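Line by line, the protein sequences are chains D, F and E.
Oh and the first sequence: position 292 is 292 in the working numbering, straight run, nothing missing.
Oh and the second sequence: position 292 is 1292 in the working numbering, straight run, nothing missing.
Oh and the third sequence: position 118 is 2118 in the working numbering, straight run, nothing missing.
For glycine and all other residues, C-beta sits at the position ideal for the given N, C-alpha and C.
Bear in mind that the values here come from a model prediction, so they are computed numbers and not experimental data.
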Amino acid sequence: MRKLTLGLAASATLIASSSMSVHAAEILVGVAAELTGLNANVGTQTARGIEVGVEWLNANHDMNGNTIRLMIEDNATDKAQSMTLLNKFALRDNVHVVVGTSSSILALSIAPRAEELQVPMITSAFAPAVVEGRKWVFKASDTPARMFQSIANYTADVLKPETCVRVYARDNEAYVEQSNVWARIVKEKGVEIVDEPSILLSDTDFTAIATRIVDLDPDCLHLAMTPETSANFVIQTKSAGLDPDTLIIGGTTMATGFFLDAAGEAAEGTYSLADYSPGGINELGKTFEAAYEAKFGEKPDNFSAVGFAEALVIGQAIKAAGDNPTRDSIREAMAGLKDVETIIGNGTLSMVDQMAQYQMNVLTVEDGQLVRAPGQ
Amino acid sequence: MLAQQLFNGLVLGAVYALFALGFNLVFGVHKIMNLAHGAIFMVGAFVGLYSVTLGLPLWAAFLIAMVFTGLLSVMIDFVAFRPLRKTGDAEFAMLIASIGVEMILVNLALRASDARTLRFPFGIVPVEPFFLFGMRITPLQFVIAAVAVLCVTLLAFYLYRTSFGRQVRAVSSNERAAMLLGVEPRMIYLQTFFISGLLAGLAGVLIGLAFNSINFSMGEPYLLRGFVVLILGGLGSLRGAVVAGLALGIIQTLSVAYFPTGLTDIIVYSLLFAVLLVRPNGLFGDAVSDARVARR
Amino acid sequence: MLKIDKLTASYSGITALHGVSLTVSKGEMVALIGANGAGKSTLLNCISGIVPSDSGQILFNGQELSGRRPASIARMGLLQVPEGRQILSDLSVYENLQLGQLALGNRSPTWSHEQVVELFPVLGARQNQRAGSLSGGEQQMLAIGRGLMGAPELLLLDEPSLGLAPKIVDQVFSVLTRLNEAGLTILLVEQNARRALQIASRAYVLERGMVVHSGPADVVAADKKVVTYYLGNLADAASQDQPA
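(1) If the cut-off is 9 Å on Cβ atoms, which residues from the segment 1238-1259 of chain F count as contacting chain D, listed in chain order?
(2) Which complete alpha helix (DSSP H) runs does the segment 1120-1203 of chain F hold, if anything under 4 residues is left out?
(3) Between the Cα of L1110(F) and those of T1264(F), I1137(F) and N1215(F), spot the shortest distance and give me the residue it belongs to.
(4) Quick check on F308(D): buried or exposed, where buried means 16 or more other Cβ atoms within 10 Å of its Cβ?
(5) Output needed for F1027(F): all residues of its chain with C-beta closer than 8 Å, excluding positions within five of it in sequence on either side, in chain order.
(6) Report the residue from G43(D), N58(D) and A47(D) whose alpha carbon sits nearest the alpha carbon of G315(D).
(7) Are the C-beta of Q2086(E) and some C-beta of chain F separated by less than 8 Å?
(8) Mind listing the chain D neighbours of V1127(F)? Cutoff is C-beta to C-beta under 7 Å, in chain order.
(9) By DSSP, does M2210(E) sit in helix, in strand, or in coil?
(10) What's the gap between the Cα of R92(D) and the Cα of R69(D)?
(11) Consult DSSP for N361(D) and reduce its assignment to one of helix, strand or coil.
(12) Using 8 Å as the limit for Cβ to Cβ distance, is V1183(F) near chain E?
(13) When the Cα of N2045(E) is compared with those of L2123(E), R2068(E) and V2226(E), which residue comes out closest?
(14) Just to make sure I have the definition right: I need the residues of chain F whose C-beta is within less than 8 Å of the C-beta of E265(D). Which are they?
(15) Need the endpoints of the beta strand (DSSP E) that H2018(E) sits in, please.
(16) Rounded C-beta distance between M2149(E) and V2189(E)? I'm assuming under 8 Å.
(17) From the DSSP output, read off the bridge partner residues of D2245(E).
(18) Would you please state the rounded distance, in angstroms, between the beta carbons of V2211(E) and S2021(E)? I believe it to be under 8 Å.
(19) Of all Cβ atoms in chain D, is any one closer than 8 Å to the Cβ of T953(F)?
(20) Pick out whichever of F1164(F), F1130(F), R1116(F) and L1209(F) has its Cα sitting closest to the Cα of L1058(F).
(21) By the three-class DSSP mapping on this structure, what secondary structure does M1218(F) have?
(22) Listing by chain order, which chain E residues have their CB less than 7 Å from the CB of A1170(F)?
(23) Terminal residues of the continuous alpha helix (DSSP H) containing T36(D)?
(24) Per DSSP, which residues does P2216(E) bridge with? Please list them.
(25) Just to check my reading of the structure: G1282(F) and L1232(F) have Cβ atoms closer than 8 Å, yes? What is that Cβ distance to the nearest angstrom?
(26) Three or more beta-carbon pairs under 8 Å between the segment 2205-2225 of chain E and the segment 2011-2021 of chain E, yes or no?
(27) So with Cβ pairs under 8 Å, would you call I2050(E) a contact of chain F?
(28) Just the Cα atoms here: how many angstroms apart are L2002(E) and S2025(E)?
(29) Helix or strand or just coil, what does DSSP make of R372(D)?
(30) Give me, in chain order, the residues of the same chain whose beta-carbon lies closer than 7 Å to that of S2012(E); leave out the 5 immediate sequence neighbours on both sides.
(31) So who's on the other strand from K189(D), going by DSSP bridges?
(32) So within the segment 2090-2174 of chain E, which uninterrupted beta strand (DSSP E) runs reach at least 3 residues, ignoring any that extend past its ends?
(33) With H, G and I counted as helix, E and B as strand and the rest as coil, what does DSSP make of E283(D)?
(34) Three or more C-beta pairs closer than 8 Å, one from the segment 326-338 of chain D and one from the segment 113-124 of chain D: is that the case here?
(35) Pull the bridge partners of G43(D) from the DSSP assignment, please.
(36) Excluding sequence positions up to five away, which residues of its chain have a Cβ less than 7 Å from the Cβ of A1115(F)?
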């Protein structure tokens, strides 16, 4: 297979040199993914998305005749191993682009080295700090603040509750921030927050808080915590007698299989936030889903869609980089991507300050399935 | 709401009491602070879950989990505490050994579960609540309260009405004198560790069922609470464990219900300090100080 | 009944017994006297199996005791009433006596609860009290009564007079005499040598882990060295309290 690719590349080079108009080359992309360890699930799904993405690009996408050769290796959810892989990709394999980790902690630890080595690195990590003050590092997912705006707007503009209770995990900064952003926006739009209890992620017994919330009988309940804790919280508030009409709103953690599995029937009708809208927002999304299912025998999740979107960004940057793409020209092209097609958000994406911007999707659960919520 | 929250607190307190009973039994009888108790509790929840996953009925899962943790607890005594006991005054060494055991068990569970939070399948216990005096009570809450009452009664019967229990209390009061009377301490260690592990496993499955989550770190918050119950109730006092467990459950629930939630721990621990200022040996701590004097 | 031969034992790393030999025959009351730290308690604890012996033999009714666990020795009918009473203070008086029966094993009781209460009426009057609430003398009676419940063939007593008022000591010693007269074999360890020698038939004197003197109690009591070291400072008391 490798020989074949090399052969193809060689003949492509021959053609290129004879016509002198097209310079086709093999672009090397190294992926350091969490295939094992604590974040193995997220990393594996993302890597699979990238794999499907690159196959699609090589087959269908015009990258000025260039093809991508993908190298996926396991960073074991480990800082040292991630660093080793980055050095190996950049120095020994001479890759054009490195796809960094999905975990913010790992991405933050290797980003300075990518900057130093002057190799473009794209990551699906959450933390905006990954790109701040750098020019070689890119973020494939939207910023948290913008993401939570979309569900806050949806809450106030479409769902229109009068009173809400918000509950957040006080021992995790990201969840506190997520809850604060949501509350600020809905309050500006006239929603009253009647109570804001907090929990710890290690808590499992929510009966007391649940009774307190049921007693307030709010129109909506906003949760900012892990999928498992959200599920447990929803089950326990419903069991404590929460009015079935109360809107339950969460963030990205509730648009996951973990949440659906753990919450069971209690997940029905909850609102959540995702990059990807299951079923595909456009034709490309449908193509992705079919290709993914054909290759792995299961439906893709949000992480695989983000992985596919990462591959698309790379492909589009290669195309925009013109003839004989180099690390430098790819970096420049990537930074300037504007309104390009993607499968996440509402189907278009732009790079602003090296961070992908797109409109997030609000999802809801219908018959146990995540679907795009109406009215967006 | 007050009645409902008091009931919630009572159920939570019953859980704490159930957890603390076994913890306190081992401490009261053998002066061993077994900090692996939380991990044994966690293992109980996992074994219960795996049994159910294998298709066994829930009652069998309870039984298997309890026997498993009972034997695990005995094994821990054999491997970690018994060799240290032979060296004489080893209370501190045993405390450290128990932390080591805790770490091993927690890390094994971390690996076995891939750090995921698991739960019992839906529908394994009825969830339809019933109403009593305006309170909404789920069948599980009722079961937890009933099991706690049953366990306390059985343990009290065992300790105060049977010959074995009398021997356990004899060892607790004065191990050497008990030996001279023909009590075989090895049998007592076997019994107390088995019962303590059994109670931990029972609490683990119950809590895993009631609060929908089973994970490798689930024992830690309960161990911390168990510790509070132990100090508050009086070291080694089983009556104290029950009263302090219930009190802690109610205080914690009421503070969550009526105060900002971030203050719960501050309120709980401030009250603990206040109680200790008035009663340094805990609510029921006097009996133990007597036993200690006799021991010297 | 009890035959100890060249027993050596260490306690906390220090050799406490250097080849002690001693016998107690059926029906005897033997006193073991000596100064504090002479090894008296170590010897009793060796017999009871609490302290392991290094070498030598302990035979009880012809059976080797070393290597046996304390509980099994107690169940053979070799019971110790330990120093400082060591009653189970958290348990009631009644429960303490009941626990005494544990040493019976398969043997049949020689003392019923009623008989023990008859011997020490206070134990009947206080049977539901916590044992820890008894006075020192009452605790000593409880410890002896508890031993009797286990049908002892040989009763080892470690310092029964320790910390008791003279009047109570009289009571305790008169009970021991009665028990011995009724056929109970007793090995009595005492610092109060004079009192011990009054009621015992034979005596051993232990010094730094060795038996330095032994013989009939009156002979030992008349020994010059014994008088100087163990009875001398009690001469005043002895003059008030001559045996009849």
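Once the coordinates are examined:
(1) Q1252, T1253, L1254, S1255, V1256, A1257 and Y1258
(2) 1139-1161, 1163-1173 and 1175-1180
(3) N1215(F)
(4) buried
(5) M1033, N1034, L1230, L1235 and G1236
(6) N58(D)
(7) yes
(8) S239
(9) strand
(10) 15 Å
(11) strand
(12) yes
(13) R2068(E)
(14) F1122
(15) I2014 to V2024
(16) No, M2149(E) and V2189(E) are not in contact; Cβ-Cβ is about 21 Å, not under 8 Å.
(17) The structure shown does not extend to residue 2245(E), since chain E is modelled only from 2001 to 2244, so the question has no answer here.
(18) 7 Å
(19) In this structure chain F extends from 1001 to 1296, so residue 953(F) is not present and cannot be described.
(20) L1209(F)
(21) coil
(22) L2088, L2091 and L2099
(23) Taken as a continuous stretch (DSSP letters only), T36(D) belongs to no alpha helix (DSSP H), as it is neither H nor E.
(24) R2202(E)
(25) 6 Å
(26) yes
(27) yes
(28) 7 Å
(29) strand
(30) none
(31) Answer is none; K189(D) lacks a bridge partner.
(32) 2154-2158
(33) helix
(34) yes
(35) Beta-bridge pairing links G43(D) to no other residue.
(36) F1216
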